[in-house]
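Working notes, structure below.
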Amino acid sequence: MSRICVVGPKGSGKSTAGEFLGKCLNWTHANTSDLLTKEYRRRYPECRKSKDEIRDVLYDIGEEMRLANGSSTLMQSLSAEIVSGVRAPEEIDYAANNYAVILWVMNEKITVEDDSTMKYSMEYVAQACMLSGAAFIVIPNPTDDEDLMFEALRVIVDEILEEEEPLCEKTY
Numbered sequence: 006m007s008r009i010c011v012v013g014p015k016g017s018g019k020s021t022a023g024e025f026l027g028k029c030l031n032w033t034h035a036n037t038s039d040l041l042t043k044e045y046r047r048r049y050p051e052c053r054k055s056k057d058e059i060r061d062v063l064y065d066i067g068e069e070m071r072l073a074n075g076s077s078t079l080m081q082s083l084s085a086e087i088v089s090g091v092r093a094p095e096e097i098d099y100a101a102n103n104y105a106v107i108l109w110v111m112n113e114k115i116t117v118e119d120d121s122t123m124k125y126s127m128e129y130v131a132q133a134c135m136l137s138g139a140a141f142i143v144i145p146n147p148t149d150d151e152d153l154m155f156e157a158l159r160v161i162v163d164e165i166l167e168e169e170e171p172l173c174e175k176t177y
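Using this note's numbering, you'd call the opening residue of the sequence shown number 6 and step up by one each time.
Spelled out as structure tokens, the structure:
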């Protein structure tokens, strides 16, 4: 079975893309921020702020966990077929070697430079995929037309549902 990692700057639509793919394929989707939110709630059970309100704290918890347990610890602890919310280059390397597809969600108004928590570039992801044999696919997510992203994702869903050879061996 193929596994998919969805990457891109914060706010680009990674979670939306991952949830959409999960529903279409009937696959599980996990976001690293869900794992970090669970850890935050364990540490601070009395605090009831939303995930958006604690985003910076979640990033710090993730960095803490990576330092204590290894750079790809968050990726290794998620067993879902679709994962999103990857922040570190080592997590990209892990995904490239353990997932058939890495999707980059591209939003013309949100760039890597806008996301100080993102520690890799699109070029880094493409190179990791090239070295490992994973497919690298860029998905458009225009801020004024989310349907375009869903249309592109449907093509991927159709490919996965019809695949006779591993998706990572196909050229896009």
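All residues carry an ideal CB built from backbone N, CA and C; glycine is no exception.
query                                                                                                                                                    : result
In angstroms with no decimal places, state the Cα-to-Cα distance between residue 81 and residue 147.                                                     : 31 Å
In whole angstroms, what is the alpha-carbon distance linking residue 164 and residue 120?                                                               : 31 Å
Confirm, please, whether the CB-CB distance from residue 23 to residue 31 is below 9 Å.                                                                  : no
For the stretch 122-161, list the alpha helix (DSSP H) runs that are entirely contained and at least 4 residues long, ordered along the chain.           : 127-137
At which residues does the beta strand (DSSP E) containing residue 7 begin and terminate?                                                                : No beta strand (DSSP E) contains residue 7, which DSSP labels as neither H nor E.
For the alpha helix (DSSP H) containing residue 97, name the first residue and the last one.                                                             : 94-103
If you count every other CB in all the chains shown that lies within 10 Å of the CB of residue 111, and 16 or more means buried, which is it?            : buried
Taking the alpha helix (DSSP H) that residue 62 falls in, what are its first and last residues?                                                          : 60-74
Taking only the alpha-carbon atoms, compute the straight-line gap between residue 86 and residue 27 and give it to the nearest angstrom.                 : 8 Å
Just checking, does the stretch 136-147 make contact with the stretch 90-103 on the three C-beta pairs under 8 Å criterion?                              : yes
State the DSSP-derived secondary structure class of residue 83, mapped to helix, strand or coil.                                                         : coil
Quick check on residue 153: buried or exposed, where buried means 16 or more other Cβ atoms within 10 Å of its Cβ?                                       : exposed
Please check the pair residue 42 and residue 63, which I expect to be a contact at CB under 8 Å, by giving their CB distance rounded to whole angstroms. : 6 Å
I need the DSSP call for residue 20, collapsed to helix, strand or coil.                                                                                 : helix
Do you know offhand how far residue 91's Cα is from residue 97's?                                                                                        : 7 Å
Excluding sequence positions up to five away, which residues of its chain have a Cβ less than 6 Å from the Cβ of residue 15?                             : 120
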